[in-house]
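Each residue of the sequence shown is one higher than the one before, starting from 122 at the first, in this note's numbering.
Just so it is clear, CB atoms sit at the ideal spot from N, CA and C, and this is done for glycine as well.
For clarity, every value in this text was computed on a predicted model and none was experimentally measured.
Please read the structure below before turning to the comments.
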Amino acid sequence: MAWLYLVLAGITEVVWVIGLKYSEGFTRPLISILTILMIIVNFWLFSKSLKTVPIGTAYAVFTGLGAAGTAVIGMIFMGESAGFLKVFFILLMIGAIIGLKLTDKEEEPQSDSSR
């Protein structure tokens, strides 16, 4: 379940980053409010994943999904360049994220009494 939270956190990161662009410096109230709400959801999901996924792995996956997803959305919908090297390195990043998942061993959540 923690990995599902982590993937959803990566997706919501893409949403709020795009929201930042369209909020025009937080001058558009509705988009600004939606962006801030998405940031809150994003960090809640990320924090839920940290209960069992090691922090180094979780943060790498979280930021990697956000960066790769934002770059892909930019290329497909916002007219950003999609050169061979850019696509290659995005695929390399996605491959690294998959590799982190395949090599990860989820930790048991700590109970409050063990602290």
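**Request:** Could you work out which residue in Val193, Val136, Arg149 and Ala217 is closest to Thr178 when comparing CA atoms only?
**Result:** Taking the first residue of the sequence shown as position 1, residue 178 is located at position 57. Selected option, being the one with the closest Cα: Ala217.
**Prompt:** Under three-state DSSP, which class holds Lys172?
**Reply:** Position 51 of the sequence shown holds residue 172. Here Lys172 sits in coil by DSSP.
**Asked** Skipping 5 residues on each side, what residues in its chain have a beta carbon closer than 6 Å to that of Met196?
**Response** As a position in the sequence shown, residue 196 is number 75, starting the count at 1. Contacts found: Ala203.
**Asked** When DSSP labels each residue in this structure, what does Phe205 get in the three-state scheme?
**Response** Taking the first residue of the sequence shown as position 1, residue 205 is located at position 84. Note: Phe205 maps to helix in three-state DSSP.
**Message:** I need the straight-line Cα distance from Ile251 to Met199, nearest angstrom please.
**Reply:** Because the chain in this structure spans residues 122 to 236, residue 251 falls outside the shown range and cannot be described.
**Item:** Sufficient close CB pairs (3 or more, under 8 Å) joining the region 204 to 223 to the region 154 to 170
**Value:** no
**Message:** Quick check on DSSP: helix, strand or coil for Lys226?
**Reply:** Residue numbering aside, residue 226 sits at position 105 when the sequence shown is read from its first letter. In the structure shown, Lys226 sits in coil (DSSP, three-state: anything other than H, G, I, E or B).
**Prompt:** Which of helix, strand or coil does DSSP assign to Thr191?
**Reply:** Taking the sequence shown and counting its residues from 1, one reaches residue 191 at position 70. DSSP places Thr191 in helix when its eight states are reduced to three.
**Asked** What three-state label does DSSP hand Thr156 in the structure shown?
**Response** Reading the sequence shown from its first residue, position 35 is the one you call residue 156. Helix, per DSSP.
**Asked** Do Leu127 and Phe183 have their C-beta atoms closer together than 8 Å?
**Response** For this step, residue 127 is matched to residue 6 along the sequence shown. For this step, residue 183 is matched to residue 62 along the sequence shown. Yes, these two residues count as a Cβ contact at 8 Å.
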